[in-house]
Structure formats: structure tokens, C-alpha cells
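Q: Residue numbers (our numbering): -19 to 279.
Below are the C-alpha cells for one structure; questions will follow.
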Ligand SMILES: [Zn+2]
């Protein structure tokens, strides 16, 4: 266990691209500082829509080769962020993208939404007991915006955190490990409002339309946000990582759009809500380091 870096951050996401959009600057910052940054992606996003017309044939209703293609995009994005430890939950193809809520794909065999939470969590327990992260980042119970794979990612990540710490769970397969701090991805409502105001003022025609604030995952009242990571120094890496997800994201300067063509701001300061563990900042003050207060992991 002594060969682990002092600081170890685990992020659990639903699809390739979610990590770069939500946490790209945070991942680049901690990787650059020598922390171990581990990304677990639960599906390959096989049901995603494809933005470039030249790649439209990859889609699930045509060649159905978007998953392997997005795996390549994820590899490229991780190179941009300097993250070397990225894994697919249960191995490539173990869990498939479930499509949007209510789609018939929700219930097809192998769909992540149809997976047994404890079964899926078991794969993540292996990672947790091996990597032994002090900090876990994932989504809130709504998955940030209700996508079934994001909701399921939340359930699996939270369940795995509990099981990994339980000495009775799969005793003998890795020492139990308790994650000191768990965060959910957030965006403070005023920050989102300012971002959209900037988009309307400076680049109203950058995309065919402009998204609504509630299209942004994880938007909450500012008071719920307990940590903010200033990623300004890593804005270029975040932007490059987002651009690497060619089939999913169109980036234009400080703004981007998904396949719905609706512009939204890229946030280079990234925000979090601490939901388990003790804050390392005084009451009422946002943490500026996800490892704050973790014994042996503070800077
Ligand atoms: Zn997603």
C-alpha cells in the first residue's frame, strides 16, 4: 500500500465526455500535482447522438459502433488531462448505455439502467479497495439531470462506497477501505446564470440555440455548494479534452454545445457539494481543495 501516491481521487461517470464537461479542470489540476486520478466510466455511451455528419454512421441505429469509437475519444481526452488511470466499469462492454429515460433501450439486456445495483457496485468495490481513494466524486441522486445512466451511476457509486468499507463484504478480496470524503457535482445557480448571460452578450449566434439553465446538470442554490476548484490554469486542457469527444461536443471558445445544438458555458472553476465526510474549511467557507482535512493528503 506504500506505493500509492499520497492523494487519490476517484471519479465515477456514466458516459465518456461527462468527466471532461464536469471535472476536466479538476482532473487536470490534480493529475498535474501528482495525485492519483482514477476515472471509472460505467458505459461507452453507445446510444449517444453523433454530431459530425461524417461520423453519423457510427450511431446505434446504423453501424452501432459508437461505443468503441467513444472509447478512443475517451483515451484522447485523458491524454489531454494527463490522466493515465481510466477504467470501464466491469470491463469494456459490460454495461451498455441505456438511452434517454423512457426509451425502450432502458430495459434491453446489458443496459446499465437494468443492471442490479449491487452487482454493478461489486465491480467498483474492486477498484476502490485497490486504489484506496480518499475522495470520490459522482452525481447527485437525480444524476444531475435525470438521465437513467447518470441516476444509476449515483446509486452504484454510493453503494460501492458503503460496500468497500464493510469488512463483511467479500472478505478476503482486498482490505476494506472507507472513502473519507464524497462529493456530488454541482453548479451554483448564480454561476450558471452569469455564464448564460455572458453567452447571450458575447456569442449569441455561436450555436443554433441556447440551452436553459436547467439543462445544465447539478445546478443548485449557491448555498449548497461547499467546494470550488479553480481550474483556470487548466482551462486549455479541459477545452482540449472536451474537443476530443468529437462525436458528442462542439466547443467554441468558452462555450460548447452537445448534439442538441444548444450553447452553454464551459466552467473552468468546478463546483462540488460535500455529502459525506468533514469539510476541511471553516464553517460557511467553501473548500478550495477536495483533499482538505484528509490526514496525510493535505498540501
Ligand atoms: Zn452522460
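Ideal Cβ positions, reconstructed from N, Cα and C, are used throughout, including at glycine.
Decide if residue 250 is buried, meaning its Cβ has at least 16 other Cβ atoms within 10 Å, or exposed.
A: Here residue 250 is taken as the residue at index 270 of the chain shown, counted from 1. The residue is buried, with at least 16 neighbouring Cβ atoms inside 10 Å.
Q: For chain D, is any of its Cβ atoms less than 7 Å away from the one on residue 210?
A: In summary, chain D is missing from the structure at hand, where a single protein chain is found.
Q: Starting from the Cα of residue 139, find the closest Cα among 192, 102, 163, 150 and give me that residue.
A: Residue numbering aside, residue 139 sits at position 159 when the chain shown is read from its first letter. Of 192, 102, 163, 150, the residue nearest in Cα terms is 102.
Q: Taking DSSP's pairing of strands, which residues face residue 303 in a bridge?
A: Here the chain comprises residues numbered -19 to 279, so residue 303 is not present and cannot be evaluated.
Q: Can you tell me whether DSSP reads residue -19 as helix, strand or coil?
A: Locating residue -19 in the chain shown gives position 1, counting from the first residue. Interpretation of residue -19 is limited by its pLDDT of 47, a score under 50 that renders its predicted location unreliable; the figure taken from the coordinates is listed afterwards. It is coil, neither helix nor strand.
Q: Only counting the same chain, and skipping five residues up and downstream in sequence, which positions put a Cβ closer than 6 Å to that of residue 274?
A: The residue you call residue 274 lines up with position 294 of the chain shown. Taken in chain order, the residues that qualify are 114, 160.
Q: For ligand 1, list every residue whose C-beta falls under 5 Å from any of its heavy atoms, going in chain order.
A: Result (chain order): -6, -5, -2.
Q: Would you say the segment 222 to 234 touches the segment 66 to 84, given that touching needs at least three Cβ pairs under 8 Å?
A: Contact fails: fewer than three Cβ-Cβ distances are below 8 Å.
Q: Leaving out five residues on either side along the sequence, give the residues of the same chain with a beta carbon under 7 Å from the beta carbon of residue 245.
A: Numbered from its first residue, the chain shown carries residue 245 at position 265. The answer, listed in chain order, is 175, 176, 178, 179, 234, 235.
Q: Pick helix, strand or coil for residue 250, following the three-state DSSP scheme.
A: Taking the chain shown and counting its residues from 1, one reaches residue 250 at position 270. Three-state result, residue 250: strand.
Q: My output table needs one value for residue 128: the three-state DSSP class, helix, strand or coil.
A: Counting from 1 along the chain shown, the entry for residue 128 is found at position 148. In the structure shown, residue 128 sits in a helix (DSSP, three-state: H, G or I).
Q: Have a look at residue 247 and residue 279 and give me their C-alpha separation to the nearest angstrom.
A: As a first step, residue 247 is located in the chain shown; it is residue number 267 there, counting from the start. As a first step, residue 279 is located in the chain shown; it is residue number 299 there, counting from the start. Near 24 Å, if we compare the C-alpha coordinates of residue 279 and residue 247.
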